[in-house]
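There are 2 protein chains.
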Amino acid sequence: MNQLINDPSNVVADALRGMADAHPELRVDHENRIVFRGDAPVQGKVGLVSGGGSGHEPLHAGFVGPGMLDAACAGEIFTSPVPDQIMAATKAVDGGAGVLHIVKNYTGDVMNFEMAAEIAAAETGVEVVAVVTDDDVAVQDSLYTAGRRGVGVTVLVEKIAGAAAGQHRPLAEVADIARRVNANGRSMGVALSSCTVPTAGKPTFDLPDGQMEVGIGIHGEPGRRRAPLATAAEIAEMLVGPILGDLDFTGGDGVIAFVNGMGATPLIELYVVYHEVAAILAKAGITVARSLVGPYITSLDMAGCSVTLVKTDDEMLRLWDAPVRTPALRWGA
Amino acid sequence: MNQLINDPSNVVADALRGMADAHPELRVDHENRIVFRGDAPVQGKVGLVSGGGSGHEPLHAGFVGPGMLDAACAGEIFTSPVPDQIMAATKAVDGGAGVLHIVKNYTGDVMNFEMAAEIAAAETGVEVVAVVTDDDVAVQDSLYTAGRRGVGVTVLVEKIAGAAAGQHRPLAEVADIARRVNANGRSMGVALSSCTVPTAGKPTFDLPDGQMEVGIGIHGEPGRRRAPLATAAEIAEMLVGPILGDLDFTGGDGVIAFVNGMGATPLIELYVVYHEVAAILAKAGITVARSLVGPYITSLDMAGCSVTLVKTDDEMLRLWDAPVRTPALRWGA
Chain A
469 MNQLINDPSN
479 VVADALRGMA
489 DAHPELRVDH
499 ENRIVFRGDA
509 PVQGKVGLVS
519 GGGSGHEPLH
529 AGFVGPGMLD
539 AACAGEIFTS
549 PVPDQIMAAT
559 KAVDGGAGVL
569 HIVKNYTGDV
579 MNFEMAAEIA
589 AAETGVEVVA
599 VVTDDDVAVQ
609 DSLYTAGRRG
619 VGVTVLVEKI
629 AGAAAGQHRP
639 LAEVADIARR
649 VNANGRSMGV
659 ALSSCTVPTA
669 GKPTFDLPDG
679 QMEVGIGIHG
689 EPGRRRAPLA
699 TAAEIAEMLV
709 GPILGDLDFT
719 GGDGVIAFVN
729 GMGATPLIEL
739 YVVYHEVAAI
749 LAKAGITVAR
759 SLVGPYITSL
769 DMAGCSVTLV
779 KTDDEMLRLW
789 DAPVRTPALR
799 WGA
Chain B
469 MNQLINDPSN
479 VVADALRGMA
489 DAHPELRVDH
499 ENRIVFRGDA
509 PVQGKVGLVS
519 GGGSGHEPLH
529 AGFVGPGMLD
539 AACAGEIFTS
549 PVPDQIMAAT
559 KAVDGGAGVL
569 HIVKNYTGDV
579 MNFEMAAEIA
589 AAETGVEVVA
599 VVTDDDVAVQ
609 DSLYTAGRRG
619 VGVTVLVEKI
629 AGAAAGQHRP
639 LAEVADIARR
649 VNANGRSMGV
659 ALSSCTVPTA
669 GKPTFDLPDG
679 QMEVGIGIHG
689 EPGRRRAPLA
699 TAAEIAEMLV
709 GPILGDLDFT
719 GGDGVIAFVN
729 GMGATPLIEL
739 YVVYHEVAAI
749 LAKAGITVAR
759 SLVGPYITSL
769 DMAGCSVTLV
779 KTDDEMLRLW
789 DAPVRTPALR
799 WGA
């Protein structure tokens with residue numbers, strides 16, 4: 469696959485340089501590969517740190533800024549950030565109110581964030597709480613995961629917890645809200661092509677034209693099954709069905725419906741899918757309170773999409789609507 | 469190429485349904501395939517109408533809303549909207565201050581917008597002025613174009629003229645600003661893969677792995693030359709060089725630097741390119757005043773990118789910074 473890169477082994481560093489160039493309101497620590505909001509630490513505010521392997525952009529660095537993350541740690545492509553890096557981010561965003569780690573459920577990420585939290589706490593006394601996202605209903609365990617994988621809900625956790633932190637709520641409360649979003653969120657994805665890790669230079673898996681992988685992970689981990697390419701309507705059923713089968717989404721204050729692009733699927737196709745998702749939800753008596761359509765948690769140049777639903781309450785919606793000013797999500801500010 | 473669609477001949481209608489579902493603040497006329505801001509017409513405000521062939525999403529419907537367009541007319545994939553459709557949009561957004569048409573320079577678009585303007589004026593007396601964008605430095609004439617093609621600058625024209633209209637400036641002034649942005653803007657693009665028109669079901673052109681098309685048009689029109697795939701740094705030179713050779717971008721109040729994704733190129737690659745563009749501009753003594761990085765004017769599932777530079781003045785920057793609230797560009801509101 470043709471890619472717009474320089475040296476394949478420098479893609480993460482090169483992209484971080486581009487982020488620093490394009491977003492002077494952020495501060496990029498190139499040595500540690502951390503993207504900070506420019507005014508971090510914010511005194512009296514819980515600091516939000518996330519991160520993970522690169523290749524999922526805009527997640528996470530694209531969500532750094534007022535109303536969302538204070539720092540994002542970029543690992544190598546599809547590789548967890550290291551404890552030192554996470555520790556440096558944690559210390560740097562501590563404004564005296566503690567730090568929340570938002571961690572996608574992959575074994576390496578969970579371990580390295582835990583280690584970093586312990587060391588940071590021991591060295592500086594900063595209080596750290598971790599919330600692990602595990603919203604992918606496709607498979608129980610996976611290539612890099614014990615339990616369910618953390619995928620699309622992570623974007624919504626970062627937004628909603630970020631808004632709560634922005635209101636200077638205490639750490640326990642911000643963590644509770646983050647956990648509530650994750651507990652009420654479910655996702656499932658489909659791949660229409662493989663991704664290509666730049667240093668590998670060839671597709672991660674073989675997916676012939678006319679085939680798709682239902683239940684794909686964001687690193688190309690196998691899903692539930694290989695199937696002939698179906699229509700958008702059929703695919704929407706294949707993704708939304710298992711989500712609705714896993715949690716009752718009726719009632720409450722409606723759902724946030726998020727149709728995410730995997731990286732190489734253009735927006736016109738995502739809107740085609742969104743319409744099918746909306747139709748299924750309407751038929752199931754589920755109200756859509758808010759929607760999000762676009763590539764927010766990607767898998768390099770994989771074609772495909774994922775659907776995430778989060779059952780909301782009034783407080784979650786108010787926090788979702790609160791102003792946010794990051795490279796990838798911005799409104800009201 | 470695998471695509472997330474239903475019936476290939478219904479992609480535009482299906483995507484418009486998804487837009488209507490996802491964006492209740494917009495009003496979609498499905499029969500005429502027009503996306504309106506929900507409160508159109510706005511009394512006393514110049515109405516902004518754009519449109520063109522579909523397949524370039526979020527352009528144009530994703531730019532409908534306060535601070536930008538009042539209506540977008542969606543043609544079939546890579547096919548101009550028809551005069552009746554444009555006329556209906558023009559009449560519907562006329563709030564008594566006249567209507568500005570923003571038209572990309574393709575023969576069919578220019579002709580159909582002209583015809584619609586004439587009929588609308590004759591029927592209702594609405595004053596219509598058209599501004600045609602023609603920023604692509606790659607080729608002089610092209611497959612569907614006499615003169616230069618209208619590409620990336622269109623996004624910036626819509627934002628800046630939309631802000632001027634939002635201040636209730638008169639039609640002549642809004643049109644002048646739109647022309648000024650176009651006159652000060654230049655673009656060039658590269659394809660790393662072909663796009664696939666859904667009804668055709670096969671790539672528009674043949675581009676083997678390891679090859680690229682330099683100077684590509686947004687419908688897959690041939691560029692300047694076929695070349696072996698180069699690094700992001702070399703590609704940035706190939707795109708920015710001709711742009712800087714065509715207009716003096718030094719001085720003024722700096723440039724808006726826009727690195728656009730063609731549809732299938734993920735954000736991490738666009739940031740790699742942005743860094744190279746920023747480095748070239750710095751070396752040339754050109755100040756970047758604002759930046760935009762992302763897929764805003766796409767070519768279905770084509771991989772690649774384009775670079776657009778607009779030389780600004782203080783007024784253009786103030787209008788760029790003004791609040792905008794559309795599906796694809798949103799800030800301050």
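So the protein sequences, as listed, match chains A and B.
Position one of the first sequence corresponds to residue 469 (the numbering used here), numbered consecutively onward.
Position one of the second sequence corresponds to residue 469 (the numbering used here), numbered consecutively onward.
Yeah, the Cβ is synthetic: ideal placement off N, Cα and C, and Gly gets one too.
- Between R758 of chain B and W799 of chain B, the CB-CB gap reaches or exceeds 7 angstroms.
- Shown in chain order are the members of the segment 473-484 of chain A whose Cβ falls below 7 angstroms from a Cβ of chain B: I473, N474, V479, D482 and A483.
- R692 of chain A and G731 of chain A have their C-alpha atoms some 21 angstroms from each other.
- With its beta carbon less than 7 angstroms from one in chain A, N470 of chain B belongs to the interface.
- Around the beta carbon of E591 of chain A, a 10 Å sphere encloses fewer than 16 other beta carbons of the protein chains shown; the residue is thus reported as exposed.
- Residue ranges of uninterrupted beta strand (DSSP E) with 3 or more members, entirely inside the segment 552-615 of chain A and ordered along the chain, are 567-572 and 596-601.
- The beta carbon of R798 of chain A sits closer than 7 angstroms to some beta carbon of chain B.
- The DSSP assignment places 653-659, 679-682 and 693-696 as complete runs of the beta strand (DSSP E) inside the segment 630-707 of chain A, in order along the chain (cut-off: 3 residues).
- R505 of chain B sits away from V480 of chain B, with the two beta carbons spaced by 7 angstroms or more.
- Here the alpha carbon of P509 of chain A sits roughly 46 angstroms from the alpha carbon of I502 of chain B.
- Relative to M656 of chain A, the option among A:T664, A:V649, A:D644 and A:G683 whose CA is nearest is A:G683.
- Distance from the CA of R495 of chain B to the CA of I724 of chain A, rounded to the nearest whole angstrom, comes to 21 angstroms.
- In the structure shown, A542 of chain A adopts extended strand secondary structure according to DSSP, grouped into three states.
- For A757 of chain B, the enclosing beta strand (DSSP E) starts and ends at V756 to G762.
- For D769 of chain B, at least one C-beta of chain A is nearer than 7 angstroms to its own C-beta.
- Beta-bridge analysis with DSSP links N728 of chain A to A:G762 and A:S774.
- Listed along chain A are P734, L735 and I736, each with a C-beta nearer than 9 angstroms to that of T766 of chain B.
- The alpha-carbon of T575 of chain A is positioned some 54 angstroms away from that of G515 of chain B.
- Taking a contact to require three or more Cβ pairs closer than 8 angstroms, the segment 741-758 of chain B and the segment 538-545 of chain A do not qualify as touching.
- If you draw a 10 Å sphere on the C-beta of Q471 of chain A, you find 16 or more other C-beta atoms in it, and that means buried.
- Taking a cut-off of 8 angstroms on C-beta distances, the segment 616-634 of chain B does not touch the segment 664-684 of chain B, as fewer than three cross pairs fall below it.
- Where G523 of chain A is concerned, there is no enclosing beta strand (DSSP E), because DSSP gives it neither an H nor an E.
- Taking a cut-off of 8 angstroms for Cβ pairs, the segment 580-588 of chain A and the segment 547-558 of chain A touch, as three or more such pairs fall below it.
- When only Cα atoms are considered, T667 of chain A and I473 of chain A end up about 11 angstroms apart.
- Of A:I736, A:D781, A:L785 and A:E493, the smallest CA-CA separation from F546 of chain B is found for A:I736.
- Ranking B:R647, B:A633, B:L568 and B:S767 by CA distance to the CA of V658 of chain B puts B:S767 first.
- DSSP, reduced to helix, strand and coil, places G709 of chain A within a helical segment of the structure shown.
- When Cβ-Cβ separations below 7 angstroms define contact, Y612 of chain B makes no contact with chain A.
- In this structure A704 of chain B is not in contact with I645 of chain B, their Cβ atoms being roughly 29 angstroms apart against a cut-off of 8 angstroms.
- Contacts with chain A at 7 angstroms (Cβ-Cβ) include V740 of chain B.
- Just so you know, the alpha carbons of G720 of chain B and K779 of chain B end up roughly 7 angstroms apart.
- Here A614 of chain A is exposed, its C-beta having fewer than 16 other C-beta atoms within 10 Å.
- Here S477 of chain B is exposed, its C-beta having fewer than 16 other C-beta atoms within 10 Å.
- The Cβ atoms of D603 of chain A and R654 of chain A lie closer than 7 angstroms to each other.
- When the beta-carbon positions are compared, P710 of chain B and V600 of chain B stay at least 7 angstroms from each other.
- Taking 7 angstroms as the upper bound on Cβ-Cβ separation, chain B lies near residues L697, T699, A700, A701 and I703 of the segment 686-708 of chain A.
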